[in-house]
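Trainee: Please see the structure below; I have some questions.
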Amino acid sequence: MVSSVGIIGAGQMGAGIAQVCAAIGKKVILCDIKQEFLDNGIGTITKNLERSVSKERINQDDMDNTLENVSTTLELNDLNNCDIIIEAIVENIEIKKKLFSDLGHICEEKTILASNTSSIPIGILAEASGRPTKVVGMHFMNPVPVMKLVEVIRAKSTNDDTFDTTFKLAEDLNKVPVLVNDFPGFVSNRILLPMLNEAMFCVMEGVAEPEAIDTVMKLGMSHPMGPLTLADFIGLDTCLAIMEVLHRDFNDNKYRPCPLLKEMVEQGKLGKKSGEGFYKY
Ligand SMILES: NC(=O)c1ccc[n+]([C@@H]2O[C@H](COP(=O)([O-])OP(=O)(O)OC[C@H]3O[C@@H](n4cnc5c(N)ncnc54)[C@H](O)[C@@H]3O)[C@@H](O)[C@H]2O)c1
Numbered sequence: 115m116v117s118s119v120g121i122i123g124a125g126q127m128g129a130g131i132a133q134v135c136a137a138i139g140k141k142v143i144l145c146d147i148k149q150e151f152l153d154n155g156i157g158t159i160t161k162n163l164e165r166s167v168s169k170e171r172i173n174q175d176d177m178d179n180t181l182e183n184v185s186t187t188l189e190l191n192d193l194n195n196c197d198i199i200i201e202a203i204v205e206n207i208e209i210k211k212k213l214f215s216d217l218g219h220i221c222e223e224k225t226i227l228a229s230n231t232s233s234i235p236i237g238i239l240a241e242a243s244g245r246p247t248k249v250v251g252m253h254f255m256n257p258v259p260v261m262k263l264v265e266v267i268r269a270k271s272t273n274d275d276t277f278d279t280t281f282k283l284a285e286d287l288n289k290v291p292v293l294v295n296d297f298p299g300f301v302s303n304r305i306l307l308p309m310l311n312e313a314m315f316c317v318m319e320g321v322a323e324p325e326a327i328d329t330v331m332k333l334g335m336s337h338p339m340g341p342l343t344l345a346d347f348i349g350l351d352t353c354l355a356i357m358e359v360l361h362r363d364f365n366d367n368k369y370r371p372c373p374l375l376k377e378m379v380e381q382g383k384l385g386k387k388s389g390e391g392f393y394k395y
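Laid out in structure tokens, this is it:
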């Protein structure tokens, strides 16, 4: 039974995960590397909850209780006693490996180490942690409070208790967990990202304007959101990182990241979070 949850990374995913865990009564400790990132995370949660109160989906007490369940820290050590830690930091394999190695040293033996990575094989993080049976993937979708799916990724080393506890936590969060085996990009991003990447090639080659491409996919394929809007929403740096993992790990050129995507990330055009991507925000 999970009662305390550590969340590392207070960005768009970490804040959302903190919110949904706190809303069902878990004690959440949110950790990041700078106070301003923690403040932004709490700001995002507060805004989301205020919107829910104004739409009468929850009442003021629910909001207050949820916020009371979230504390923040800049010290990784403060998470050492959590039942589960969900990592939601930048999609960079070396930085994540270092974090899992640190967590392996810091945390009590009981602590499950889950990663919200979009693409990095969980087995690599499991090995880095030095406690591979306790490592699992818990891949939420964005925005976390809205989206029902959680891919629960079972590495070869993940033991039954770790998997079952994580799967049950996802159910308790009122999500629909789906078992996925440990392959780069899992199911969601192995299928989604090549499509987004292809939409970017269409922009680069002048096949159509971004608005036109999004309209084709929305009205022609009944997608709720066009691929370029979605890429902006995910974050173009995250999209590039995922394509690089797929390209490298499958060693197949069909996953080659679109040069326009690389260029935009180099220019700091990261999508919604930076104010500009394929669209301006
Ligand atoms: N954006 C999406 O749609 C989406 C969806 C599912 C999964 N993910 C995955 O979730 C993770 C986070 O993505 P995001 O979109 O929230 O990114 P983000 O850039 O919004 O947030 C990342 C946060 O992690 C913090 N951070 C970086 N290194 C850290 C460290 N060593 N210790 C503590 N905090 C650290 C940063 O300061 C930042 O606040 C990535 O692995 C990403 O692939 C993203």
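Using this note's numbering, the letters of the sequence shown map in sequence onto residues 115 to 395.
Don't be surprised by glycine CBs; every beta carbon is placed ideally from N, CA and C.
Bear in mind that the values here come from a model prediction, so they are computed numbers and not experimental data.
#1: With a threshold of 16 other CB atoms inside 10 Å of the CB of Leu375, please say whether the residue is buried or exposed.
#2: Ignoring anything shorter than 4 residues, give me the alpha helix (DSSP H) runs that lie fully in the stretch 213 to 285, in order along the chain.
#3: Roughly how many whole angstroms lie between the Cα atoms of Ala313 and Thr280?
#4: For Asn183, does the count of other Cβ atoms within 10 angstroms reach 16, so buried, or fall short, so exposed?
#5: Would the beta-carbon of Met339 be found less than 6 Å away from any heavy atom of ligand 1?
#6: Going by the CB atoms, is the gap between Val134 and Leu293 shorter than 7 Å?
#7: According to DSSP, is Glu189 helix, strand or coil?
#8: Alpha carbon to alpha carbon, how far is Asp278 from Ala240? Give it in angstroms, no decimals.
#9: Can you look up Leu293 in the DSSP assignment and give me helix, strand or coil?
#10: Report all residues from its chain with a CB closer than 7 Å to the CB of Cys196; omit the five preceding and five following residues, and keep chain order.
#11: Using beta-carbon positions only, say whether Ala269 and Ile305 come within less than 7 Å of one another.
#12: For Asn311, which residues of its own chain have a beta-carbon under 6 Å away from its beta-carbon, when the five flanking residues on both sides are left out?
#13: According to DSSP, simplified to helix, strand and coil, what is Cys353?
#14: Tell me which residue opens and which closes the beta strand (DSSP E) that Cys145 is part of.
#15: Which of helix, strand or coil does DSSP assign to Ile172?
#16: Near Lys383, which residues of its chain fall below 6 Å by C-beta distance, leaving aside the five closest residues on each side in sequence?
#17: Just verifying my parser: in three-state terms, what is the DSSP assignment at Lys394?
#18: Quick check on Ser168: buried or exposed, where buried means 16 or more other Cβ atoms within 10 Å of its Cβ?
#19: Would Cys221 and Asn191 be called neighbours here (beta carbons separated by less than 7 Å)?
#20: Tell me whether the beta-carbon of Ala132 lies closer than 7 Å to the beta-carbon of Leu152.
#21: Please confirm whether Met318 and Pro341 have their CB atoms less than 7 Å apart.
Mentor: By the coordinates alone:
#1: Counting of Cβ neighbours within 10 angstroms places Leu375 among the buried residues, the total reaching 16 or more.
#2: Counting only runs of 4 or more, we get 236 to 243.
#3: Taking the straight line joining both Cα atoms gives about 34 Å.
#4: The residue in question, Asn183, is buried, as its Cβ has 16 or more Cβ neighbours within 10 Å.
#5: Using a cutoff of 6 Å, the CB of Met339 does not count as near ligand 1, since none of the ligand's heavy atoms is closer than that.
#6: Inclusion of Leu293 and Val134 in the CB contact set at 7 Å is not warranted, their separation being larger than that value.
#7: In the three-state reduction of the DSSP assignment, Glu189 falls in the coil class.
#8: The alpha-carbon of Ala240 is positioned some 17 Å away from that of Asp278.
#9: In the three-state reduction of the DSSP assignment, Leu293 falls in the strand class, which pools E and B.
#10: Result list for Cys196: Ser118, Val119, Gly120, Ile143 and Thr225, in chain order.
#11: Taking 7 Å as the Cβ cut-off, Ala269 and Ile305 do not qualify as a contacting pair.
#12: Excluding sequence neighbours, Asn311 sits near Met357 and Cys372.
#13: Residue state, collapsed to three classes: helix.
#14: Note, Cys145: beta strand (DSSP E), Lys141 to Cys145.
#15: Three-state DSSP puts Ile172 in coil, outside helix and strand.
#16: Same-chain partners within the cutoff: Glu390 and Gly391.
#17: It is a strand residue.
#18: Label assigned to Ser168: exposed.
#19: Contact flag unset, no.
#20: In this structure, Ala132 sits away from Leu152, with a CB-CB distance that is not shorter than 7 Å.
#21: For the 7 Å CB-CB criterion, Met318 and Pro341 do not form a contact.
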